[in-house]
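Quick note on numbering that gives the first Met the number 0: the sequence shown kicks off at 0 and runs consecutively.
Built from N, CA and C at the ideal position, the CB exists for glycine as well.
Contents: one structure, followed by commentary.
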Amino acid sequence: MDLSLAVLVAATVTSGILAGAFLLYAHTVMPALREADDTEFVTTFARLDRAIVNPVFMATGFAGAPVLTGVAALLVDDGRAWVLAALGLHVVMVLITGAVNVPRNDALKAAVAEVAAPSGA
Numbered sequence: 000m001d002l003s004l005a006v007l008v009a010a011t012v013t014s015g016i017l018a019g020a021f022l023l024y025a026h027t028v029m030p031a032l033r034e035a036d037d038t039e040f041v042t043t044f045a046r047l048d049r050a051i052v053n054p055v056f057m058a059t060g061f062a063g064a065p066v067l068t069g070v071a072a073l074l075v076d077d078g079r080a081w082v083l084a085a086l087g088l089h090v091v092m093v094l095i096t097g098a099v100n101v102p103r104n105d106a107l108k109a110a111v112a113e114v115a116a117p118s119g120a
């Protein structure tokens, strides 16, 4: 297996890991949290947010997929347009996550800190 194929396979696998994480979150975690009261929701969501931001997920999914896709775009000859399209979608995902999801998650974590703070502190 040559380097370009190995990188393309790794990019595909890490993209699949990322897609699986998004699918699981959207169709399992969030529907389950929908049944929780507000305090339970923000507390549990903050715990999930802390747990998902870890070196394994960041390396294999969140950062790994776009980085490996970018490297694959440099190395492949056949199908480069498809790899570039995938890279563009990864860039959009990172931008949406940074501009929309991270601020929302930070607001939820702040709400948890506010609820957890002792009265009068």
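Going by DSSP, E39 is part of the alpha helix (DSSP H) stretching over D37 to I51.
CA-CA distance, R103 to M0, rounds to 43 Å. Between V90 and the set A62, V75 and D77, the nearest pair of CA atoms involves A62.
In this chain, the alpha helix (DSSP H) harbouring A84 covers R79 to I95.
Using a Cβ distance threshold of 9 Å, V6 and L67 count as a contacting pair. E34 carries a coil assignment under DSSP once its states are collapsed to helix, strand and coil. Only residues of its own chain outside the window of five on either side were considered, and among them none has a CB closer than 7 Å to the CB of E39. Going by C-alpha positions, H26 is about 22 Å away from V55.
Rounded to whole angstroms, the gap between the alpha carbons of A10 and A116 is 43 Å.
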